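Protein chains: 2
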Amino acid sequence: MFDDRILLSHGAGGKKSSELTEKVFLKYFNDPALRDLNDMAVFDLPDGRISMSTDTYVVDPIFFPGGDIGSLAVHGTVNDVAMAGAVPVVISVAFILEEGLPLKDLERIAGSMAGAAAEADVRIVTADTKVVTRGAADKIFINTTGIGIIPEGIQISGATAIERDRILISGTIGDHGIAIASSREGFEFKTTVKSDSAPLNSMIGELVNNLGQDIHVLRDPTRGGLATVLNEIAFQSSIGVEVNETSIPVREAVKGACELLGYDPLYLANEGKLVAVVAESAYEKALEIMKGNKYGQDACLIGEITGENKRKVILKTAMGGKRLVGKLSGEMLPRIC
Amino acid sequence: MFDDRILLSHGAGGKKSSELTEKVFLKYFNDPALRDLNDMAVFDLPDGRISMSTDTYVVDPIFFPGGDIGSLAVHGTVNDVAMAGAVPVVISVAFILEEGLPLKDLERIAGSMAGAAAEADVRIVTADTKVVTRGAADKIFINTTGIGIIPEGIQISGATAIERDRILISGTIGDHGIAIASSREGFEFKTTVKSDSAPLNSMIGELVNNLGQDIHVLRDPTRGGLATVLNEIAFQSSIGVEVNETSIPVREAVKGACELLGYDPLYLANEGKLVAVVAESAYEKALEIMKGNKYGQDACLIGEITGENKRKVILKTAMGGKRLVGKLSGEMLPRIC
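Line by line, the protein sequences give chains A and B. In this text, residue positions in the first sequence follow numbering that gives the first Met the number 0: the first is 0, and each later residue adds one. In this text, residue positions in the second sequence follow numbering that gives the first Met the number 0: the first is 0, and each later residue adds one.
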């Protein structure tokens, strides 16, 4: 009979490790490179510059409204790879499992990763599993590392915003942060808000293929939220950022939760949104492309790049005033991703 | 004043995260792709098939005789990438830090990773840091994921061993396992054995460049040890493996510790050794090349591939008998790597 919980021997590299690989991972992950059962994957990549990104996911709880640690781990890395304008091609997956983790939880997570990878059209080519004694880790942590290919002539980076560029966001902010907070033990409020966790590479592909070099910056406002990402762009590109508070889309339920918890939506994490800094001449087309994508229906213009207030982010408030918006200082909510 | 311990805010993506990146990581990791401070690294790779490998390191203790979790994380992934006959080019690094980790420990580990990467001639191009609350992880876990390029015409895999091939090992077995066991709390013996943790890519480069397609299999006997790796090769290639007990090099101190602890050196982890399965006509030259490398001075012939006993590993014992050697069953020592 197969065990119903993770044992230390599942991570020892011997018989039990093989059993776990065959009965769980190969059931969900079908790539030929993975099935070879070597310690590395061997494959070909198309020509082009490489975009590579790594992230470890430690989100708590591991299942939350709108996703789980598995889908999040695929979306997050696919998105980071794609933010260079790249087409994500492969990802690796590495698990740290706590002894005693129910096997059905691992199966559910593996299934969710397989589904997310299929939707994003990336191959899971190689994997690793470590098991630690009970109490040495919290349930499950997942690292994903992805590789993508950047189309010829595309140069997208936090450092390439220029004056008069327009700043777009692909939808409402703060959904992921509030979904996690509301499902965390100890928080005593309930909300209907779901995580926005989603793969953004198809939207990015459409933007890059249609607008090419007019797309100057792409970045996903994850940890630290929109405010932190805008500050990073202002700093890296040595320009000013001016955004209109009233233009930034925030769900009513997120606003309500923020008032209750004392959070500012500008600093809440998102896992299925992107900020695009686009040439003035191309922003209307960019907005149209974003709105045409499943994950960009609420996209909108939120501000522009200025030559003044270099390395600063200025928010034009609903009241008509202006205030300086800094990076996140301190910690709002640990283990958000 | 800069903090002397890791705080939750060091992982929040805001000001403290930037501070940690600038004051610790960029001090040791100098790659231009990393210094760009985007969420992904952008770089070019030479032409050729890709070898990619991922591993998470959870070794306990984090500092041990002969290395630490940082050097181990670089060596382990460089070695796995290289075992396809590839030249490792880049690695990513992702940390999970427990709140309260002394910053000097992190600095020591980062310095050790930088040194190991420099020796192995791989670039650390992208990184990630997560911080979890005290008790949700044990001190520090590190994922490294590496990419290498396989020279034209080289096909090395666990599935390509053929009858009459010779089996070589690059040195003594069991050193890493005993070094970790002896430094683990609760083990009451002391030994002079150091971990063999080392980068093997230069040795592999010399083998591949000189002997090309005569190198059939390369594999590093890490978790599960030599016995498990030989079983994997027997299974993947559908051949028999026959090794001579008296030919397998084991240090006296390792033998002694094994007797004391009830371990079998055949199952102990190694982190700086490789098993090479080489065409009969090429094995003497392969042995000469291995012995000429800094990390292969004790290399020797330990057995051969047979057409009999398919998918099995037979050990010819010192007494002249033969016994079947299986994969590791159960768990010898958790968190060995």
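Each residue gets a CB set at the ideal place from its N, CA and C atoms; glycine is no exception. The model shown is predicted, which means the values in this text are computed figures rather than measured ones.
Rounded C-alpha distance that separates residue i from residue j
i             : j             : result
residue 3/A   : residue 133/A : 16 angstroms
residue 212/B : residue 245/B : 29 angstroms
residue 23/B  : residue 191/B : 32 angstroms
residue 45/A  : residue 54/A  : 23 angstroms
residue 42/B  : residue 128/B : 21 angstroms
residue 37/B  : residue 156/A : 7 angstroms
residue 112/B : residue 254/A : 44 angstroms
residue 172/B : residue 185/B : 24 angstroms
residue 268/B : residue 259/B : 17 angstroms
residue 177/A : residue 207/A : 31 angstroms
residue 10/A  : residue 39/A  : 17 angstroms
residue 0/A   : residue 63/B  : Legend: pLDDT at residue 0/A = 48, less than 50; position of this residue unreliable, no value from coordinates given.
residue 182/B : residue 195/B : 14 angstroms
residue 158/A : residue 48/B  : 32 angstroms
residue 226/A : residue 76/B  : 36 angstroms
residue 235/B : residue 228/B : 10 angstroms
residue 291/B : residue 80/B  : 22 angstroms
Residue-level contact to chain B via CB, residue i, 8 angstroms cutoff
i             : result
residue 137/A : yes
residue 326/A : yes
residue 321/A : no
residue 269/A : no
residue 22/A  : no
residue 43/A  : yes
residue 126/A : yes
residue 140/A : yes
residue 272/A : no
residue 150/A : no
Secondary structure of residue i, DSSP reduced to three states
i             : result
residue 177/B : helix
residue 7/A   : helix
residue 153/B : coil
residue 263/B : coil
residue 56/B  : strand
residue 202/B : helix
residue 44/A  : coil
residue 96/A  : strand
residue 71/A  : helix
residue 108/B : helix
residue 146/B : strand
residue 320/A : coil
residue 255/A : helix
residue 280/B : helix
residue 246/A : helix
residue 119/A : helix
residue 327/A : coil
Neighbour flag for residue i against chain A, beta carbons, 8 angstroms
i             : result
residue 79/B  : yes
residue 156/B : yes
residue 248/B : no
residue 339/B : In the structure as shown, chain B begins at 0 and stops at 336. Residue 339/B is therefore absent and cannot be evaluated.
residue 357/B : The shown model of chain B, from 0 to 336, leaves out residue 357/B, and the question about it has no answer.
residue 212/B : no
residue 89/B  : yes
residue 200/B : no
residue 100/B : no
residue 34/B  : no
residue 390/B : Only positions 0 to 336 of chain B appear in this structure, which leaves residue 390/B out of reach.
residue 54/B  : yes
Counted within 10 angstroms of its Cβ, other Cβ atoms place residue i as buried (16 or more) or exposed
i             : result
residue 334/A : buried
residue 323/A : exposed
residue 188/B : exposed
residue 230/A : buried
residue 170/A : buried
residue 29/A  : exposed
residue 8/A   : buried
residue 328/A : exposed
residue 31/A  : exposed
residue 97/B  : buried
residue 330/B : buried
Any C-beta of chain D under 8 angstroms from that of residue i
i            : result
residue 95/A : No chain D is present in this structure, whose protein chains are A and B.
ask   = Pairing CB atoms from the stretch 91-99 of chain B with CB atoms from the stretch 134-149 of chain A, are three or more of them under 8 angstroms?
value = Yes, the stretch 91-99 of chain B is in contact with the stretch 134-149 of chain A.
request  = Taking 8 angstroms as the threshold, find out whether the stretch 192-204 of chain B comes into contact with the stretch 313-324 of chain B through three or more Cβ pairs.
outcome  = The stretch 192-204 of chain B and the stretch 313-324 of chain B do not touch, with fewer than 3 CB-CB distances between them shorter than 8 angstroms.
ask   = Quick check: the stretch 151-168 of chain A against the stretch 112-122 of chain A, are there 3 or more CB pairs under 8 angstroms?
value = Taking 8 angstroms as the limit for Cβ pairs, the verdict is that the stretch 112-122 of chain A does not touch the stretch 151-168 of chain A.
task = Report yes or no: do the stretch 235-251 of chain B and the stretch 297-311 of chain B share at least 3 C-beta pairs separated by less than 8 angstroms?
result = Put simply, the stretch 235-251 of chain B touches the stretch 297-311 of chain B. At least three CB pairs are less than 8 angstroms apart.
Three or more C-beta pairs below 8 angstroms linking the stretch 156-171 of chain A and the stretch 276-287 of chain A = With the cut-off at 8 angstroms, the stretch 156-171 of chain A and the stretch 276-287 of chain A touch.
message = Would you call the stretch 49-69 of chain B in contact with the stretch 251-267 of chain B, where contact means no fewer than 3 C-beta pairs closer than 8 angstroms?
response = No, the stretch 49-69 of chain B does not touch the stretch 251-267 of chain B.
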